[in-house]
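**Student:**
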Amino acid sequence: MKSRPSIPGVYRKLFAANGRQHWWPGDSDFEIMVGAILTQNTAWANVEKAIANLKKARALSPRSIVKAHPKRLAAWLKPSGYFNIKAVRLRAMCRWLLERGGVRKLAKLPTHDLRRTLLAVHGIGAETADDILLYAFRRPVFVIDAYTRRIFHRLGLIRGTEDYETLRRLFENALGPDVRLCNEYHALIVVHGKDICKKRPRCDRCCLNAVCPSAALPRDAG
DNA sequence: ACCCAGGGTCATA
DNA sequence: TATGACCATGGG
Numbered sequence: 000m001k002s003r004p005s006i007p008g009v010y011r012k013l014f015a016a017n018g019r020q021h022w023w024p025g026d027s028d029f030e031i032m033v034g035a036i037l038t039q040n041t042a043w044a045n046v047e048k049a050i051a052n053l054k055k056a057r058a059l060s061p062r063s064i065v066k067a068h069p070k071r072l073a074a075w076l077k078p079s080g081y082f083n084i085k086a087v088r089l090r091a092m093c094r095w096l097l098e099r100g101g102v103r104k105l106a107k108l109p110t111h112d113l114r115r116t117l118l119a120v121h122g123i124g125a126e127t128a129d130d131i132l133l134y135a136f137r138r139p140v141f142v143i144d145a146y147t148r149r150i151f152h153r154l155g156l157i158r159g160t161e162d163y164e165t166l167r168r169l170f171e172n173a174l175g176p177d178v179r180l181c182n183e184y185h186a187l188i189v190v191h192g193k194d195i196c197k198k199r200p201r202c203d204r205c206c207l208n209a210v211c212p213s214a215a216l217p218r219d220a221g
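Sequential numbering from 0 applies to the first sequence in numbering that gives the first Met the number 0.
(1) Using three-state DSSP, classify C202 as helix, strand or coil.
(2) Contact between the stretch 182 to 192 and the stretch 145 to 165: three or more CB pairs below 8 Å?
(3) DSSP three-state call for D175: helix, strand or coil?
(4) Just to confirm the assignment, what range does the alpha helix (DSSP H) spanning V87 have?
(5) Return the CA-CA distance between E183 and H21, expressed in angstroms with no decimal places.
(6) Report yes or no: do the stretch 97 to 107 and the stretch 118 to 125 share at least 3 C-beta pairs separated by less than 8 Å?
(7) Rounded to whole angstroms, what's the CA-CA distance from L132 to P24? Just pull it up for me.
(8) Give me the Cα-Cα distance between D130 and R204, rounded to the nearest whole angstrom.
(9) First and last residue of the alpha helix (DSSP H) that includes M32?
(10) Can you give the Cα-Cα distance for K70 and V210, rounded to whole angstroms?
(11) Determine the DSSP secondary structure at P78, reduced to helix, strand or coil.
(12) In terms of alpha-carbon separation, which member of L89, N17 and G159 lies closest to V46?
(13) For R218, count the other beta carbons within 10 Å of its own beta carbon; 16 or more makes it buried, fewer makes it exposed. Which is it?
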């Protein structure tokens, strides 16, 4: 007898199987924001190398990045891929920080105002903005990523084609405004998402087996 | 030699 | 609104 999946129920399973993830990795709120840009469609291991380059050059600050030569900035970012584009995006984010008086001042804004101004920055889209809101500004925001869509589609809770805001509200309504919960939930999804509902899933070994309708099927029928 | 990774922008229909 | 091209490195 399987229990029906739910958004809070999936969290309990993920947490029970994997424990706390201690996210977001980074030594400062600014480093978290830099990581959020650099990790766009990019493996985190590559992002770490780029951030290490910035640290070694003592360039991990808004001022250093804005005044650095574009060519040199791109060179530091090289290991993270898309380095020309990310150099532009990183500069845009740092300019925004400086113009707005820094993280401390921005932290006074209500969440929806903070999101609006973040989304106005070139290179910051919905997911990156929410990464920054949740992990750098500690706002109760649920981040929707490709793993979230795939896993919850597989569980039969969503169609997977809903737009970003629709899914974000769905999750936030189901969870309530809980920073700790949003933080841990998204971290669990990203860190363990690769092993869940991937092609030819081993449903018998998946930690969501007990709540996954697809797990009862013989093969990959999802 | 593929395939993919903690997306976003821009052009086109 | 909704696809598609493009960006680019590193690990499996």
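Note that the Cβ used here is the ideal one computed from N, Cα and C, for glycine as well.
**Tutor:** With the structure as the only source:
(1) In the first sequence, residue 202 corresponds to position 203, counting from 1. It is helical.
(2) Segments in contact, yes.
(3) Taking the first residue of the first sequence as position 1, residue 175 is located at position 176. Inspection of the sequence shows that residue 175 is occupied by Gly rather than by Asp. Looking at G175 - three-state DSSP - the assignment turns out to be coil, as it is neither helix nor strand.
(4) Numbered from its first residue, the first sequence carries residue 87 at position 88. Per DSSP, V87 belongs to the alpha helix (DSSP H) from F82 to E98.
(5) The count along the first sequence starts at 1 and reaches residue 183 at position 184. The count along the first sequence starts at 1 and reaches residue 21 at position 22. Taking the CA atoms as reference points, E183 sits about 8 Å from H21.
(6) Flag = no, the stretch 97 to 107 and the stretch 118 to 125 do not touch.
(7) As a position in the first sequence, residue 132 is number 133, starting the count at 1. As a position in the first sequence, residue 24 is number 25, starting the count at 1. Their Cα atoms are separated by approximately 15 Å.
(8) Numbered from 1 along the first sequence, position 131 holds the residue referred to as residue 130. Numbered from 1 along the first sequence, position 205 holds the residue referred to as residue 204. D130 and R204: Cα-Cα distance of roughly 30 Å.
(9) The residue you call residue 32 lines up with position 33 of the first sequence. D28 to L37 is the extent of the alpha helix (DSSP H) around M32.
(10) Residue mapping note: residue 70 aligns to position 71 of the first sequence, counting from 1. Residue mapping note: residue 210 aligns to position 211 of the first sequence, counting from 1. The straight-line gap from Cα to Cα measures roughly 50 Å.
(11) On the first sequence, residue 78 is found 79 positions in, with the first residue counted as 1. Looking at P78 - three-state DSSP - the assignment turns out to be helix.
(12) Translated into positions along the first sequence, residue 46 becomes position 47. Measuring from the Cα of V46, the nearest candidate turns out to be L89.
(13) To locate residue 218, count along the first sequence from 1; it is residue 219. In this prediction, R218 has a pLDDT of 46, which is less than 50 and means its spatial position is unreliable; what the coordinates show is noted afterwards. In summary, R218 is exposed, with fewer than 16 beta-carbon neighbours lying within 10 Å of its beta-carbon over all protein chains present.
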